[in-house]
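Down below is the structure, laid out as structure tokens.
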Amino acid sequence: MYNPIKTLKTNTIGTLNMLDPEVHPQNEEYWGHVNPIGPRACYDEGKRVAETMCYAYMKQEGVEVRVARIFNTFGSRMHMNDGRVVYGSGSQTRAFQYVSDLVNGLVLLMNSNISSPVNLGNPEEHTILEFARLIKSLVVSRSQIQFLPEAPDDPQRRRPDIRKAKLMLGWEPVVLLEEGLNKTIQYFSRELEQQANNQYIPKPKAARMKKGRPRHN
Numbered sequence: 531m532y533n534p535i536k537t538l539k540t541n542t543i544g545t546l547n548m549l550d551p552e553v554h555p556q557n558e559e560y561w562g563h564v565n566p567i568g569p570r571a572c573y574d575e576g577k578r579v580a581e582t583m584c585y586a587y588m589k590q591e592g593v594e595v596r597v598a599r600i601f602n603t604f605g606s607r608m609h610m611n612d613g614r615v616v617y618g619s620g621s622q623t624r625a626f627q628y629v630s631d632l633v634n635g636l637v638l639l640m641n642s643n644i645s646s647p648v649n650l651g652n653p654e655e656h657t658i659l660e661f662a663r664l665i666k667s668l669v670v671s672r673s674q675i676q677f678l679p680e681a682p683d684d685p686q687r688r689r690p691d692i693r694k695a696k697l698m699l700g701w702e703p704v705v706l707l708e709e710g711l712n713k714t715i716q717y718f719s720r721e722l723e724q725q726a727n728n729q730y731i732p733k734p735k736a737a738r739m740k741k742g743r744p745r746h747n
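Counting in the numbering used here, the final residue of the sequence shown is number 747, and the numbers go up one at a time with none missing.
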């Protein structure tokens with residue numbers, strides 16, 4: 531982990547999916563199987579603590595909560611150096627959803643009265659190597675795929691069971707993988723072109739209203 535402290539802090543105030551499955555695909559009843567002292571512990575345990583915090587406040591203080599377990603997501607506005615790489619043989623599986631599908635699912639969940647966890651993800655499972663080859667094909671790249679040493683505690687399979695979201699929210703992903711990748715490629719192409727032309731201007735944060743006055747961070 532590049533910054534384990536920041537990751538731990540982020541995860542304890544965010545609500546994300548559980549990791550390291552012994553059950554496949556992973557439904558909402560699965561509690562996770564993680565290494566509490568491994569290099570991914572700040573990520574894995576941070577998310578588990580986040581859910582514990584939410585339900586503790588719900589039971590003790592009556593706070594209304596919504597818990598989304600978010601599976602792998604990609605799309606516009608990703609960090610330029612997000613760092614997705616091929617570890618080991620690339621045989622690990624992931625199921626990526628496009629960001630607009632996730633946003634729609636989160637809006638539906640927030641507007642519902644469901645307080646129990648709900649998986650939001652795309653159940654279409656592929657190996658990391660398949661993803662890498664598809665992206666290379668879409669960008670018409672001559673680059674060679676680099677295989678890095680296998681990462682400790684790297685989950686070997688990841689696919690959400692979204693039957694609950696379908697039944698209770700009427701939600702499921704609608705953006706096809708290749709369509710979402712093409713949109714993402716177009717976004718990064720524009721960003722790289724702006725940087726090359728020295729026209730890259732960081733987008734300002736929206737003003738926050740406090741006590742009737744606009745506040746800029």
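No residue lacks a Cβ here, since even glycine has one placed at the ideal position from N, Cα and C.
Predicted model only: the values in this text are computed from it and were never measured.
Asked: Does the distance from the CB of residue 694 to the CB of residue 648 come in under 7 Å?; Found: yes
Asked: Between the region 664 to 675 and the region 631 to 647, are three or more C-beta pairs nearer than 8 Å?; Found: no
Asked: Can you tell me the Cα-Cα spacing of residue 615 and residue 699, whole angstroms?; Found: 33 Å
Asked: Identify the continuous alpha helix (DSSP H) that holds residue 712 and give its terminal residues.; Found: 707 to 726
Asked: Can you grab the Cα-Cα spacing for the pair residue 520 / residue 681, in whole Å?; Found: This structure cannot speak to residue 520, because the chain is shown only from 531 to 747.
Asked: Return the Cβ separation of residue 600 and residue 650 in integer angstroms, given the expectation that the two are a contact with Cβ distance under 8 Å.; Found: 5 Å
Asked: Could you tell me which whole beta strand (DSSP E) segments of length 3 or greater appear in the region 590 to 655?; Found: 598 to 600, 648 to 650
Asked: Measuring only the C-alpha atoms, how far is residue 704 from residue 589?; Found: 35 Å
Asked: When you compare only the Cα positions, how much space is there between residue 727 and residue 611?; Found: 19 Å
Asked: Roughly how many angstroms separate the alpha carbons of residue 661 and residue 691, rounded to a whole number?; Found: 20 Å
Asked: Contact defined as beta carbons within less than 8 Å: I believe residue 625 pairs with residue 570. What is the distance between those atoms, to the nearest angstrom?; Found: Wrong, their Cβ atoms sit about 18 Å apart, outside the cutoff.
Asked: Around the Cβ of residue 715, are there at least 16 other Cβ atoms within 10 angstroms (buried) or fewer (exposed)?; Found: exposed
Asked: Confirm, please, whether the CB-CB distance from residue 657 to residue 710 is below 7 Å.; Found: no
Asked: Within 7 Å of any Cβ in chain B, is that where the Cβ of residue 608 sits?; Found: The structure shown contains no chain B; it is built from a single protein chain.
Asked: Could you give the first and the last residue of the continuous alpha helix (DSSP H) run that contains residue 660?; Found: 658 to 668
Asked: Quick one: what's got a C-beta closer than 7 Å to residue 582's C-beta in the same chain, skipping five residues either side?; Found: none
Asked: Can you give me the start and stop residues for the alpha helix (DSSP H) that residue 693 sits inside?; Found: 693 to 699
Asked: Out of curiosity, what's the CA-to-CA distance linking residue 607 and residue 696?; Found: 27 Å
Asked: If we call anything under 7 Å between Cβ atoms a contact, is residue 593 one with residue 587?; Found: yes
Asked: I'd like to check one pair, residue 603 with residue 639: are the Cβ atoms closer than 7 Å?; Found: no
Asked: Which residue from 670, 684, 636 puts its Cα closest to that of residue 617?; Found: 684
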